[in-house]
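Numbering (this note's numbering), first residue to last: 74 to 482. Here the structure is laid out as structure tokens; the discussion comes afterwards.
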Amino acid sequence: MGNTSKDKIISPIENKKIVFGVTGGIAAYKAPLIARILKLEGADVYTIMTEAATNFVTPLTMQVLTNRPVYTRMFANNPTGIPLEISHISLADLADLMVIAPATANFIAKMAHGIADDLLSTTVLATQAPIVVCPSMNVNMFENKATQDNLSILRSRGIHILEPDSGELACGWEGKGRLPEPERVVAEVQKILSLDDFSGINILITSGPTSEDIDPIRFITNRSTGKMGAAIVEAACLRGAKVKVITGPVDIQYAPWAKIVEVRSAKEMLKAVQKNITKADVLIMAAAVADYAPASYSKKKIKKGEDLSLKLELSTDILSSIKDNKGRKIFVGFAAETDNISEYGRRKLDEKGLDLIVANMVGRQDTGFESDTNTGIIISSSGIEEGFNDMPKKMLAHTILDCIKERIS
Ligand code: CTP
Numbered sequence: 074m075g076n077t078s079k080d081k082i083i084s085p086i087e088n089k090k091i092v093f094g095v096t097g098g099i100a101a102y103k104a105p106l107i108a109r110i111l112k113l114e115g116a117d118v119y120t121i122m123t124e125a126a127t128n129f130v131t132p133l134t135m136q137v138l139t140n141r142p143v144y145t146r147m148f149a150n151n152p153t154g155i156p157l158e159i160s161h162i163s164l165a166d167l168a169d170l171m172v173i174a175p176a177t178a179n180f181i182a183k184m185a186h187g188i189a190d191d192l193l194s195t196t197v198l199a200t201q202a203p204i205v206v207c208p209s210m211n212v213n214m215f216e217n218k219a220t221q222d223n224l225s226i227l228r229s230r231g232i233h234i235l236e237p238d239s240g241e242l243a244c245g246w247e248g249k250g251r252l253p254e255p256e257r258v259v260a261e262v263q264k265i266l267s268l269d270d271f272s273g274i275n276i277l278i279t280s281g282p283t284s285e286d287i288d289p290i291r292f293i294t295n296r297s298t299g300k301m302g303a304a305i306v307e308a309a310c311l312r313g314a315k316v317k318v319i320t321g322p323v324d325i326q327y328a329p330w331a332k333i334v335e336v337r338s339a340k341e342m343l344k345a346v347q348k349n350i351t352k353a354d355v356l357i358m359a360a361a362v363a364d365y366a367p368a369s370y371s372k373k374k375i376k377k378g379e380d381l382s383l384k385l386e387l388s389t390d391i392l393s394s395i396k397d398n399k400g401r402k403i404f405v406g407f408a409a410e411t412d413n414i415s416e417y418g419r420r421k422l423d424e425k426g427l428d429l430i431v432a433n434m435v436g437r438q439d440t441g442f443e444s445d446t447n448t449g450i451i452i453s454s455s456g457i458e459e460g461f462n463d464m465p466k467k468m469l470a471h472t473i474l475d476c477i478k479e480r481i482s
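Structure follows, in structure tokens:
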């Protein structure tokens, strides 16, 4: 049994050398934020800016944020810091990954045709590292067949393209062409540099609370925020799994690669799990499903002073209802407990026919619902697998996946 208390999240880009290319589009204003998040995640960031990019954001800004000299020219004024080496080759060789954000139509065209007429395009041509291209431009330039053909050429060469977002563009047009938010760009970089040990595995994850309606105004719910579920969704996606998440009402965002099914009540969650379980190799029930729901629903608002005595009925236990579909699938449950976590956890593991149960403490401010950390134990039929103490949910998510991995035949 391991017992871990860690406060540092290991990011897949920690200590990785990222060569960050910035080209001359208005979305270059997001480049400093991208650089900052890359740095916060522990990456070592080397910025190359095209001359046009320096009109939108200064090399000094990038230099301060990355704590490294910024490369702007092929032959002159290069603060190489790498004496007697040729910048484009040394940068190309040291990169664990190159990301170009924003990538203009012109730069994409140069990449597609192997044109190397500045430091960035030459480095791109010389590198053997994975490349992520984040196109950003006016919608008509993006949809132009020339740009689309160039992007197809890049895709066919294994270059990752992060599709631009749709919306209002800086040029005044509406449509596809916006550089996704900095967090999304960094997420794509993380995904490419992550371990792919869940590739080909379908994981169904439930997350968040359920809400049980009394009338159009009132409902019963619980304190689950979906943070734990979201952490598992992100970790599973990063590690290459195909993830579907069935979520109750939450305010958080799930990782962009997951398919989301939104439900409200325990009954809806039950139906959605039963519908989607066949395709899943792994089920992780992280949702806090309401145990009780109002026996009836009033379509009309119940007015003050009217009788509002609630008759509650027990919800169907989702895990128990699909026990017979288990076969070789791996079922993981959660047990939210205020006391006796080991005893109650083990009992639920047996009763619900689970491979693993994550029994965690709730009822304290620093752990469980609403918190960013969790304290508890992971139990299997053979005993306690792992203890965790104030562990960030993002890290616990990876620990749970590690336990699942050991069981995947
Ligand atoms: N669960 C479920 N269906 C329900 C209630 C819970 O499948 N109707 C799942 C949860 O998603 C969780 C596990 O069962 O993975 C344990 O949930 P928990 O609320 O801790 O336990 P309960 O079985 O509801 O028992 P109790 O409330 O008495 O602790």
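Using N, Cα and C, we set each Cβ at its ideal position, and we do this for glycine too.
Burial state of residue i, where buried means 16 or more other Cβ atoms lie within 10 Å
i              : result
valine 480     : Note that residue 480 corresponds to arginine in the displayed sequence, not to valine. So arginine 480 ends up on the exposed side.
isoleucine 473 : buried
valine 355     : buried
lysine 373     : exposed
arginine 419   : buried
leucine 392    : buried
glycine 302    : buried
leucine 157    : In this prediction, leucine 157 scores a pLDDT of 46, lower than 50, which makes its location untrustworthy; no coordinate-derived value is stated.
alanine 219    : exposed
lysine 443     : Checking the sequence, you will find glutamate at residue 443 rather than lysine. Looking at its Cβ environment, which holds fewer than 16 other Cβ atoms inside 10 Å, glutamate 443 is exposed.
valine 137     : exposed
aspartate 423  : exposed
proline 289    : exposed
leucine 242    : buried
glutamate 458  : buried
Whole-angstrom C-beta distance between residue j and residue i, which should lie under 8 angstroms
i           : j             : result
alanine 104 : valine 95     : 5 angstroms
alanine 185 : leucine 227   : 6 angstroms
leucine 429 : serine 394    : 19 angstroms between Cβ atoms; not a contact.
alanine 100 : leucine 252   : 4 angstroms
alanine 165 : threonine 200 : 4 angstroms
Spatial neighbours of residue i in its chain, beta-carbon cut-off 8 angstroms, leaving aside the 5 residues before and after
i              : result
alanine 353    : Asn275, Ile276, Leu277, Lys317, Lys402
isoleucine 305 : Ile278, Ser280, Ile357, Ala359, Ala470, Ile473, Leu474
tryptophan 246 : Asn211, Val212, Asn213
glutamine 263  : Ser84, Pro85, Ile86, Glu114, Leu311
histidine 233  : Pro203, Ile204, Val205, Val206, Glu261, Ile265
asparagine 349 : Leu277, Lys317, Ile319, Val334
aspartate 270  : Arg312, Gly313, Lys478
lysine 384     : Pro367, Ala368, Ser369
For residue i, the nearest candidate out of the options (CA to CA)
i                 : options                        : result
aspartate 364     : Lys344, Asn295, Lys399         : Asn295
asparagine 413    : Asn211, Asp390, Pro367, Ala432 : Ala432
glutamate 410     : Ile107, Val435, Arg251, Gly460 : Val435
glycine 406       : Leu385, Ser382, Ser453         : Ser453
leucine 381       : Ala368, Leu387, Lys478         : Ala368
phenylalanine 148 : Gln136, Ile162, Ala176, Val212 : Ile162
alanine 202       : Arg141, Leu266, Met214, Val259 : Leu266
arginine 497      : Thr320, Gly313, Thr220, Met135 : This structure gives no information on residue 497, because the portion of the chain shown stretches from 74 to 482.
proline 465       : Glu416, Gly456, Glu236, Thr448 : Thr448
alanine 125       : Leu138, Val137, Tyr102         : Tyr102
threonine 127     : Arg146, Val92, Ile375          : Arg146
arginine 337      : Val172, Lys384, Ala361         : Ala361
leucine 235       : Cys476, Ala176, Glu416         : Ala176
threonine 388     : Lys340, Val259, Val346, Lys399 : The sequence given here has serine at residue 388, not threonine. The candidate whose alpha carbon is nearest that of serine 388 is Lys340.
Heavy atom of the ligand CTP within 7 angstroms of residue i beta-carbon
i                 : result
serine 369        : no
methionine 468    : no
phenylalanine 407 : yes
threonine 177     : no
alanine 345       : no
aspartate 397     : no
aspartate 390     : yes
threonine 279     : yes
valine 372        : Residue 372 is actually lysine in this sequence, not valine. Answer for lysine 372: no, Cβ out of range of the ligand CTP.
alanine 303       : no
methionine 434    : no
methionine 184    : no
valine 556        : With the chain represented from 74 up to 482, any question about residue 556 goes unanswered, as that position is not in the structure.
lysine 425        : yes
alanine 219       : no
methionine 147    : no
lysine 340        : no
lysine 421        : yes
Own chain partners of residue i with C-beta closer than 7 angstroms, once the 5 adjacent residues on each side are dropped
i           : result
alanine 189 : Thr195, Leu198
Spatial neighbours of residue i in its chain, beta-carbon cut-off 6 angstroms, leaving aside the 5 residues before and after
i             : result
leucine 193   : Gly94, Ile121, Thr123
aspartate 286 : Phe292, Tyr370
valine 323    : Gly281, Gly299
serine 229    : none
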